[in-house]
Each structure stands twice: as C-alpha cells, then as structure tokens.
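Engineer: Counting with numbering that gives the first Met the number 0, you get residues 0 to 81 for the letters of the sequence shown. The C-beta atom is built at its ideal place from N, Cα and C for all residues, glycine as well. Since the structure is predicted, the reported quantities are computational estimates derived from the model, not experimental observations.
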Amino acid sequence: MSHHNKKRITEKDKEIYSALYNLYKESQSGVGPSQIGISLGREKYDAASYCNLSLKKLIEFQLVKKLPEGKYKPSNMEIKET
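1) Could you say which of Ser53, Pro32, Gln61 and Ile35 lies nearest to Thr9 if we only look at CA atoms?
2) Name, in chain order, the residues that DSSP records as bridge partners for Leu66.
3) Report all residues from its chain with a CB closer than 7 angstroms to the CB of Asp12; omit the five preceding and five following residues, and keep chain order.
4) Rounded to the nearest angstrom, what separates Pro73 and Pro67 at their Cα positions?
5) Measure the C-alpha to C-alpha separation of Thr81 and Gln34 and round it to an integer number of angstroms.
6) Give the straight-line distance between the Cα atoms of Cys50 and Ser26, rounded to the nearest whole angstrom.
7) Within 10 Å of its beta-carbon, does Tyr44 have 16 or more other beta-carbons around it, so buried, or fewer, so exposed?
8) Which residues bound the alpha helix (DSSP H) around Gly36?
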C-alpha cells in the first residue's frame, strides 16, 4: 500500500524555490525563510511561516538542502559564471 506521495509541487512551492534559487545565487550563502518570504512580498511577521511548509516539502523532494542555523540552499546548485 503506497501512502507515500499524494504530495506534489504546487505553484507556491515553485515560487518559493525560485526565490530561494535567486537569493542563493546572489549571496552565495544559505538563505533563511524570512528572507525568502520578504523577497516574495510578505510582511516580516509572517514571511517565515509562509515558506516553512513549502521548504519542508522541497527537502522531501530533494530540491532543497537545509543548512545549519535554519538556512537553506537549492540542491545541486551550480553557479555558472557568465
């Protein structure tokens, strides 16, 4: 019996991943959920909570890695010099 994935990547998850990717690409260091949420136009008080469930799901799908101190980065992130 497979109860494992009725989960799927939603548009919100894609938006959060894209914001994380862009922020990580700019800073070359881990990004916190508050920083991601604020970049998506959320208020400071709810920015982290807006992102947390999506980040957990993206970790399950192995698209995001959790770093120390509550920071995140895209998995297999390769910065290409232009």
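Structural biologist: Taking the geometry as given:
1) Cα-wise, what sits closest to Thr9 is Ser53.
2) Note: Leu66 sits in a beta bridge opposite Lys70.
3) Once the five neighbours on either side are set aside, the close Cβ partners of Asp12 are Ser53, Lys56 and Leu57.
4) The straight-line gap from Cα to Cα measures roughly 14 angstroms.
5) Interpretation of Thr81 is limited by its pLDDT of 32, a score under 50 that renders its predicted location unreliable; no figure is taken from the coordinates.
6) Between Cys50 and Ser26, the C-alpha separation is close to 19 angstroms.
7) Tyr44 should be labelled exposed.
8) Going by DSSP, Gly36 is part of the alpha helix (DSSP H) stretching over Pro32 to Ser38.
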